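See below for the structure under consideration.
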Amino acid sequence: MDAPSSHRTAFLVFGDLHGRILPAFRFASYWSARTGCDLAGLLQVGDMGYYTDLSHCDKATLRHAKDDPLELGSLDVVVRTDIADRVFNDPNTDFDLWFTAGNHEDFDELERFARASGKQSDFAVDAYCRVHGIKDGEVHSFGCGLKTAAVWGVDGGGPNARQNLPLRGYIHEKAVDRLALEAFDVLLMHDAPKDAKRPGYGSDLLLALIELAQPRFAFFGHYSGPGSRIERDYGRTEVYHLAGFEMRTRDGHPEPGSVGVLEWNGNESTFTFIDYADLKPFTRHNWKWI
Numbered sequence: 001m002d003a004p005s006s007h008r009t010a011f012l013v014f015g016d017l018h019g020r021i022l023p024a025f026r027f028a029s030y031w032s033a034r035t036g037c038d039l040a041g042l043l044q045v046g047d048m049g050y051y052t053d054l055s056h057c058d059k060a061t062l063r064h065a066k067d068d069p070l071e072l073g074s075l076d077v078v079v080r081t082d083i084a085d086r087v088f089n090d091p092n093t094d095f096d097l098w099f100t101a102g103n104h105e106d107f108d109e110l111e112r113f114a115r116a117s118g119k120q121s122d123f124a125v126d127a128y129c130r131v132h133g134i135k136d137g138e139v140h141s142f143g144c145g146l147k148t149a150a151v152w153g154v155d156g157g158g159p160n161a162r163q164n165l166p167l168r169g170y171i172h173e174k175a176v177d178r179l180a181l182e183a184f185d186v187l188l189m190h191d192a193p194k195d196a197k198r199p200g201y202g203s204d205l206l207l208a209l210i211e212l213a214q215p216r217f218a219f220f221g222h223y224s225g226p227g228s229r230i231e232r233d234y235g236r237t238e239v240y241h242l243a244g245f246e247m248r249t250r251d252g253h254p255e256p257g258s259v260g261v262l263e264w265n266g267n268e269s270t271f272t273f274i275d276y277a278d279l280k281p282f283t284r285h286n287w288k289w290i
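Using this note's numbering, you'd call the opening residue of the sequence shown number 1 and step up by one each time.
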């Protein structure tokens, strides 16, 4: 398990969490301790599974939660809890998480927090102010100089588009238009650019945004299968699909390609997936203590 070189700033990038917010923080703390690498933050591609109350959860989340309580993990951070206290009080967990919204979220609450935050580009959604949404169509600047943009939702116009989502669960053209005029380094999106993962799936708007804005990296989740780089020409932009960080493998460890390391150093920046062998010691059975 190699640490990033010392002159670069490191972030971990996670796929869909579906409630596994605290396990993501614990994995990052575990990885940081093993590598000796300090983290500047965590980035996440949506479907964080953010809900503030059981009554706000969508049917899919409630269905999965019957077999897997980790689906409801956001309830452990929206108010103070013993388990969140233990995770966030770990001295190796001195970083925060920033996310875009997917299609399985409490959009009313996200919009409420976003409006209440005023003109700033991000907003806290938890009782500890450690989990931050990036506003739809806006760019958040980190102290290291990294500029990260977010587009919320999934494609709503194609023949394979999901039906019956809340309005905010779909990509808004106005958000994409705003970002087309901005300069940024990383794009967090939930859906894929058109045809990136499966023919006929994904978003024309996201594809156009990448081609116009040419960020250094673009990350998305939403689709099943191992994470990988999308091997097609996007100009200077490297586009990656991240698998869901759901720990549903046979032994309960994270899925291959569900988390990777972004080493930020301007034009010399790199992204690499964490090796599968380095994911395997961390499981749904030991994540609270490892």
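Glycine is no exception: its CB is placed at the ideal position from the N, C-alpha and C atoms.
This one's a predicted model, so the numbers in the text were calculated from it and none came from an experiment.
Fill in: Reduced DSSP category for Ser-6 - H, G, I as helix; E, B as strand; rest coil
Low confidence applies to Ser-6: its pLDDT is 47, below 50, so where it sits in the model is not reliable, and the reading given next is rough at best. The DSSP-derived three-state label of Ser-6 is coil.
Fill in: Cβ neighbours of Tyr-51 in the same chain (closer than 6 Å, five flanking residues each side left out)
Within the same chain, Tyr-51 has close Cβ partners Cys-57, Ser-74 and Asp-106.
Worksheet item: Which term fits Pro-166, buried or exposed, when burial requires 16 or more other beta carbons within 10 angstroms of its beta carbon?
Response: In summary, Pro-166 is exposed, with fewer than 16 beta-carbon neighbours lying within 10 Å of its beta-carbon over all protein chains present.
Item to complete: Could you pull out every unbroken beta strand (DSSP E) segment of at least 3 residues lying fully inside the region 107 to 158, listed in chain order?
Response: Complete beta strand (DSSP E) runs here, min 3: 122 to 124, 131 to 134, 139 to 141 and 147 to 151.
Worksheet item: Taking buried to mean at least 16 other C-beta atoms within 10 Å of its own C-beta, is Ser-5 buried or exposed?
Response: Confidence is the limiting factor: at Ser-5 the pLDDT is only 49, short of 50, which leaves the residue's position unreliable and the question unanswerable from this model.
Discussion item. Let me confirm a value: Arg-115 is counted as buried when at least 16 other C-beta atoms fall within 10 Å, else exposed. Which label applies?
Written reply: It counts as exposed.
Worksheet item: For Trp-287, does the three-state DSSP call read helix, strand or coil?
Response: Residue state, collapsed to three classes: coil.
Item to complete: Would you decide whether Cys-37 is buried or exposed? Buried here means 16 or more other CB atoms lie within 10 Å of its CB.
Response: Per the 10 Å Cβ criterion, buried.
Practice prompt. Please state whether DSSP places Leu-212 in a helix, a strand or coil.
Written response: DSSP places Leu-212 in helix when its eight states are reduced to three.
Worksheet item: Any heavy atom of the ligand ADP closer than 7 Å to the Cβ of Leu-75?
Response: Inclusion of the ligand ADP in the displayed structure is not the case, the ligand content being empty and no account of it being possible.
Worksheet item: So, are the CB atoms of Phe-217 and Phe-271 less than 8 Å apart?
Response: Cβ atoms of Phe-217 and Phe-271: closer than 8 Å.
Practice prompt. Check the C-beta distance from Glu-259 over to Phe-99 and give it rounded, since I have them as a contact under 8 Å.
Written response: Glu is not the amino acid found at residue 259; the sequence shown has Val there. Taking 8 Å as the upper bound for CB-CB distance, Val-259 and Phe-99 are not in contact here, some 14 Å apart.
Discussion item. Pairs of beta-carbons, one from the region 60 to 72 and one from the region 236 to 244, closer than 8 Å: are there three or more?
Written reply: Contact between the region 60 to 72 and the region 236 to 244 is absent: fewer than 3 CB-CB pairs across the two stretches fall below 8 Å.
Practice prompt. Decide if Ile-83 is buried, meaning its Cβ has at least 16 other Cβ atoms within 10 Å, or exposed.
Written response: Of the other Cβ atoms in all chains shown, fewer than 16 fall within 10 Å of the Cβ of Ile-83; this residue is therefore exposed.
Discussion item. Please state the DSSP three-state secondary structure of Ala-192.
Written reply: If DSSP states are grouped into helix, strand and coil, Ala-192 belongs with coil.
Fill in: Alpha-carbon spacing of Glu-138 relative to Ala-175, whole angstroms
Cα-Cα distance, rounded: 8 Å.
Worksheet entry | For Ala-213, the nearest candidate out of Gly-143, Ala-149 and Arg-80 (CA to CA) | Per the Cα distances, Ala-149.
Item to complete: Output the residue ranges of the beta strand (DSSP E) runs that lie fully inside the region 221 to 286 and measure 3 residues or longer, sorted by chain position.
Response: Counting only runs of at least 3 residues, the region 221 to 286 fully encloses the following beta strand (DSSP E) elements, listed from N- to C-terminal order: 238 to 241, 259 to 264 and 270 to 273.
Practice prompt. Could you tell me the boundaries of the alpha helix (DSSP H) in which Leu-43 lies?
Written response: Taken as a continuous stretch (DSSP letters only), Leu-43 belongs to no alpha helix (DSSP H), being part of the beta strand (DSSP E) at 39 to 44.
Practice prompt. Assign Val-13 to one of three DSSP states: helix, strand, or coil.
Written response: Note: Val-13 maps to strand in three-state DSSP.
Item to complete: Could you tell me the distance, in whole angstroms, from the CA atom of Leu-39 to the CA atom of Leu-206?
Response: Across the structure, Leu-39 and Leu-206 are spaced so that their CA atoms are roughly 28 Å apart.
Practice prompt. Could you name the residues of the same chain whose beta carbon sits closer than 6 Å to that of Ala-124, not counting the 5 residues immediately before and after it, in chain order?
Written response: Close CB contacts of Ala-124 within its chain, under the 6 Å cut and outside five residues either way in sequence, are with His-132 (chain order).
Item to complete: Would you kindly report the start and end of the unbroken alpha helix (DSSP H) that includes Leu-179?
Response: Going by DSSP, Leu-179 is part of the alpha helix (DSSP H) stretching over 173 to 180.
Worksheet item: Helix, strand or coil: which one does DSSP assign to Tyr-30?
Response: The three-state secondary structure of Tyr-30, taken from DSSP, is helix.
Discussion item. Let's see if you can read the secondary structure: which residues bound the beta strand (DSSP E) around Phe-184?
Written reply: That residue, Phe-184, is in no beta strand (DSSP E); it is neither H nor E in DSSP.
Practice prompt. Kindly indicate which three-state DSSP category Leu-207 falls into: helix, strand or coil?
Written response: In the three-state reduction of the DSSP assignment, Leu-207 falls in the helix class, which pools H, G and I.
Item to complete: Identify whether Leu-97 lies in helix, strand or coil by the three-state DSSP scheme.
Response: Of the three classes helix, strand and coil, the one that applies to Leu-97 here is strand, per DSSP.
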